[in-house]
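Notes follow the structure.
Following this line, the structure appears as structure tokens:
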């Protein structure tokens, strides 16, 4: 990436033709530029000094809530201060666990509800994926309550999943992971390695596919998931898309439908870490295969369907944060298939990707000195 010295700027740029701007730290900043199929794109740091930021959600006034895996929720407003938002739950900050995704309720303007996923601490140094909500009032989360938690608790700090999505018909989806245990992802008596569907207040909908099955948890919407850290709803079709980490190879993009088994750990396009296949062939008729798989892995985390026009060439794209490729993987969809792929190289592990109210693309860099970056058109579209 090439670099240009620029002045500081607010969190949100003012329109799709705004001039490139610099860091929110209150000092001059270096702006990167990257080449893409859409032309040269500016990359601006709007907030630094974040400890492994994991999820981002924009408030109606343009400020952003950003989670840090260690357990803090930060309010990013472009001033560079990013104060801590009080009132969040205690977390199991072990390995990949901690405070994870954040999302505003679709009716946030009326309710003020903010949803959080997190690793919930349990007995004997164990943890479980959980989701809860509280009201955002005066810079704090008020009245936070747990809505759902994965069962059973597991030891270790691996594979919590934890992305949130809201369906057009008013339901809450949460992706989970297999917690590094593999086989439970095929066992419907637990909620390990599944997609969960709940009402907005955490109840189980009557039309979930396993309601009434005495051998299954009723909140399960789909199963056979290894570690789903990308979850999104197609803005036109309402289809549910999910991307997950494979083992050694075999990252997947899946189209999620109710009651469906996606095969993990019985089948996978990846391999065991000792290089033995899982198995050969990598799929079977009783399982729903991935729409796309990646070997070598891209390590997908965070999903965005881009709907703005700041980057017209990207409109309608599915965008994934990529830890492995250190950038954004942009996919062109043709119905239920992928017809094109581009990697936008940013040089850092990208944990989440989100569209801002200004129509620009915001990403979180995943490291101990992580940041919020904004992608914006360069002057004159150069």
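Residue numbers (the working numbering): 122 to 503.
A virtual CB, placed ideally from N, CA and C, is assigned to each residue, including glycine.
If you're wondering where the values come from, they're calculated on a predicted model, not measured in any experiment.
Assuming residue 213 is part of the beta strand (DSSP E), what are its boundary residues? Numbered from 1 along the chain shown, position 92 holds the residue referred to as residue 213. Taken as a continuous stretch (DSSP letters only), residue 213 belongs to no beta strand (DSSP E), as it is neither H nor E.
Pull up the CB-CB distance for residue 212 and residue 240, whole angstroms please, since I reckon it's below 8 Å. As a first step, residue 212 must be located in the chain shown, where it is residue number 91. As a first step, residue 240 must be located in the chain shown, where it is residue number 119. Indeed they touch by this definition, with Cβ atoms about 6 Å apart.
Evaluate the contact criterion for the segment 343-356 versus the segment 267-274: three or more CB pairs, one atom per stretch, below 8 Å. no
Alpha carbon to alpha carbon, how far is residue 234 from residue 266? Position 113 of the chain shown holds residue 234. Position 145 of the chain shown holds residue 266. About 11 Å.
Residue 223 and residue 495 closer than 7 Å at C-beta: Here residue 223 refers to the residue found at position 102 of the chain shown. Here residue 495 refers to the residue found at position 374 of the chain shown. The answer is no: Cβ separation not under 7 Å.
Since I believe residue 158 is in contact with residue 463 (beta carbons under 8 Å), could you give me their beta-carbon distance rounded to a whole number of angstroms? What you label residue 463 is simply residue 342 of the chain shown in a count that begins at 1. What you label residue 158 is simply residue 37 of the chain shown in a count that begins at 1. Contact holds; Cβ gap of about 5 Å.
Name the one or two DSSP bridge partners that residue 451 has. Here residue 451 corresponds to residue number 330 of the chain shown, with the count starting at 1. BP columns for residue 451 point to 440, 463.
Which of the three DSSP states is assigned to residue 230 in this structure? As a working mapping, residue 230 is identified with position 109 in the chain shown. Three-state DSSP puts residue 230 in a helix.
Assign residue 205 to one of two classes, buried (16 or more other C-beta atoms within 10 Å of its C-beta) or exposed (fewer than that). Residue numbering aside, residue 205 sits at position 84 when the chain shown is read from its first letter. That one is exposed.
Three or more C-beta pairs closer than 8 Å, one from the segment 316-332 and one from the segment 401-414: is that the case here? no
Please work out which residues of its chain come closer than 8 Å, Cβ to Cβ, to residue 337, disregarding the five sequence neighbours upstream and downstream, and give them in chain order. Counting from one through the chain shown, the residue named residue 337 turns up at place 216. The beta carbon of residue 337 lies closer than 8 Å to those of 309, 310, 331 in the same chain, with the five residues before and after it left out.
Chain-order list of residues whose beta-carbon lies under 6 Å from that of residue 445 (same chain, five-residue window excluded): Locating residue 445 in the chain shown gives position 324, counting from the first residue. Result list for residue 445: 418, 419, 420, in chain order.
Nearest to residue 194 by alpha carbon, out of 219, 448, 268? Locating residue 194 in the chain shown gives position 73, counting from the first residue. Looking at the Cα atoms, 219 is the closest of the given residues.
Does the Cβ-Cβ distance between residue 371 and residue 296 come in under 7 Å? Sequence index remark: in the chain shown, residue 371 carries index 250 (1-based). Sequence index remark: in the chain shown, residue 296 carries index 175 (1-based). It is not a contact, given that the beta carbons lie outside the stated cut-off.
Rounded to the nearest angstrom, how far is the Cβ of residue 269 from that of residue 221, given a contact under 8 Å? Position 148 of the chain shown holds residue 269. Position 100 of the chain shown holds residue 221. At roughly 14 Å, the Cβ-Cβ gap does not stay under 8 Å, so residue 269 and residue 221 are not in contact.
Taking the alpha-carbon positions, what's the residue 248 to residue 160 distance? For the purposes of this step, residue 248 is taken as residue 127 along the chain shown, with counting starting at 1. For the purposes of this step, residue 160 is taken as residue 39 along the chain shown, with counting starting at 1. Looking at the two C-alpha atoms, the distance is approximately 45 Å.
Given this structure, state the Cα-to-Cα distance separating residue 184 from residue 198, to the nearest angstrom. To locate residue 184, count along the chain shown from 1; it is residue 63. To locate residue 198, count along the chain shown from 1; it is residue 77. Going by the C-alpha atoms only, they are around 5 Å apart.
Along the beta strand (DSSP E) that carries residue 342, what are the first and last residues, could you check? Reading the chain shown from its first residue, position 221 is the one you call residue 342. Segment 341-344, the beta strand (DSSP E) holding residue 342.
Using the Cα positions of residue 369 and residue 396, report the straight-line distance between them to the nearest angstrom. Against the chain shown, residue 369 aligns to sequence position 248. Against the chain shown, residue 396 aligns to sequence position 275. Looking at the two C-alpha atoms, the distance is approximately 8 Å.
If you reduce the DSSP assignment to three classes, tell me which class residue 306 lands in. Numbered from 1 along the chain shown, position 185 holds the residue referred to as residue 306. Residue 306 falls in the helix class under three-state DSSP.
Reduced DSSP secondary structure (H/G/I, E/B, other) of residue 113: One cannot answer for residue 113 here, as it falls past the ends of the chain, which runs 122 to 503.
Looking at C-alpha atoms only, which residue of 451, 456, 484, 251 is the closest neighbour of residue 132? Here residue 132 refers to the residue found at position 11 of the chain shown. It is 484 whose Cα lies nearest to the Cα of residue 132.
Span separating the alpha-carbon of residue 497 from that of residue 328: Stepping through the chain shown from its first residue, residue 497 is reached at position 376. Stepping through the chain shown from its first residue, residue 328 is reached at position 207. One C-alpha to the other measures close to 42 Å.
Whole-angstrom distance between residue 387 and residue 436, CA atom to CA atom: Residue numbering aside, residue 436 sits at position 315 when the chain shown is read from its first letter. Residue numbering aside, residue 387 sits at position 266 when the chain shown is read from its first letter. Rounded to whole angstroms, residue 436 to residue 387 spans 37 Å at the Cα level.
Those residues which DSSP pairs with residue 376 across a bridge: Counted from its first residue, the chain shown places residue 376 at position 255. According to DSSP, which records beta bridges pairwise, residue 376 is partnered with 362.
What's the C-alpha gap between residue 409 and residue 438? Translated into positions along the chain shown, residue 409 becomes position 288. Translated into positions along the chain shown, residue 438 becomes position 317. Cα to Cα, the separation comes out at about 23 Å.
N- and C-terminal bounds of the beta strand (DSSP E) containing residue 350: Position 229 of the chain shown holds residue 350. Segment 349-354, the beta strand (DSSP E) holding residue 350.
Cutoff 7 Å; reference residue 499; Cβ partners in own chain excluding five residues on either side: As a working mapping, residue 499 is identified with position 378 in the chain shown. Within the same chain, residue 499 has close Cβ partners 141, 154, 161, 162, 163.
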